[in-house]
Ligand code: DAT
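Numbering (our numbering), first residue to last: 187 to 359.
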């Protein structure tokens, strides 16, 4: 049994995953696992894709790299995909959503190339990550939260923090 829950924070690049995860880790004491960082640091990839401007992730290596941490519980996993994680590992999946205009501005500020920017905007509009989460996990595990403004982020953080407290009460041994 885990002493603390495991949470996945997912969504299209630019929705606010890292910002949410860093604050959540501070507020709750849970550990932020940036999958991007793990992939780079532990070489869980098969090289760099020029087309996608990202690492080609070796999912088996990635799962092996984080398995021990996740088994202990109390991880906040920050990644733009969620269906690779075994259902038994995960207690809550938070799918962050953002308006197209806001996402456009955030990705533009990151100097994304036009094709990559458009691809991510399409993905957000088509709710690709939300669908993926709903297909991979039970309905009660998946929550969709908007992340357009700082006020929305504060309210998301309060809500997740309260959920973590309740999880600990419900799962006390
Ligand atoms: P991700 O990790 O999903 O790629 P991020 O956390 O790096 O996203 O955030 C992208 C940018 O948007 C960053 O400059 C912080 C800003 N941001 C994120 N969430 C926000 C929010 N709810 N309100 C205002 N700005 C936000």
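Ideal placement from N, C-alpha and C gives every residue a C-beta, glycine not left out. This structure is a prediction, so every number in the text was calculated from the model and none was measured.
Is the closest heavy atom of the ligand DAT to the C-beta of residue i under 6 angstroms?
i: residue 168; result: With the chain covering only 187 through 359, there is no way to say anything about residue 168.
i: residue 345; result: no
i: residue 213; result: no
i: residue 333; result: yes
i: residue 201; result: yes
i: residue 205; result: yes
i: residue 339; result: yes
i: residue 379; result: What the structure shows of the chain is the stretch from 187 to 359, and residue 379 is not part of that stretch, so it cannot be assessed.
Beta-carbon within less than 7 angstroms of residue i's beta-carbon, same chain only, minus the 5 sequence neighbours each way: which residues are those?
i: residue 279; result: 194, 196, 268, 319, 323, 327 and 328
i: residue 239; result: 302
i: residue 252; result: 219 and 224
i: residue 259; result: 188, 189, 190, 191 and 192
Skipping 5 residues on each side, what residues in its chain have a beta carbon closer than 6 angstroms to that of residue i?
i: residue 247; result: 230
i: residue 206; result: 195
i: residue 228; result: 251
i: residue 235; result: 242
Taking only heavy atoms of the ligand MG into account, decide whether any of them is closer than 6 angstroms to the Cβ of residue i.
i: residue 221; result: This structure lacks the ligand MG; the ligands present are the ligand DAT.
Short of 8 angstroms in beta carbon distance, which residues of its chain neighbour residue i, apart from the five on each side in sequence? Order them along the chain.
i: residue 266; result: 196, 197, 198, 199, 203 and 315
i: residue 289; result: 198, 200, 201, 306, 307 and 310
Measure the beta-carbon distance from residue i to residue j and round it to whole angstroms, keeping in mind my assumption that it falls under 8 angstroms.
i: residue 232; j: residue 250; result: Not confirmed; about 15 angstroms, so no contact.
i: residue 284; j: residue 209; result: The pair is not a contact, with the Cβ atoms about 17 angstroms apart (cut-off 8 angstroms).
i: residue 263; j: residue 271; result: 7 angstroms
i: residue 192; j: residue 277; result: 5 angstroms
i: residue 286; j: residue 310; result: 7 angstroms
i: residue 281; j: residue 358; result: Contact flag wrong, Cβ pair sits at about 28 angstroms.
Would you verify that the beta carbon of residue i is, or is not, closer than 7 angstroms to some beta carbon of chain D?
i: residue 227; result: Here chain D cannot be found, since the structure has a single protein chain.
Curious, which full-length beta strand (DSSP E) runs of at least 3 residues does the segment 224–260 contain? 231–235 and 240–243
At 3 residues or longer, what runs of the beta strand (DSSP E) sit wholly inside the segment 273–309? 278–283
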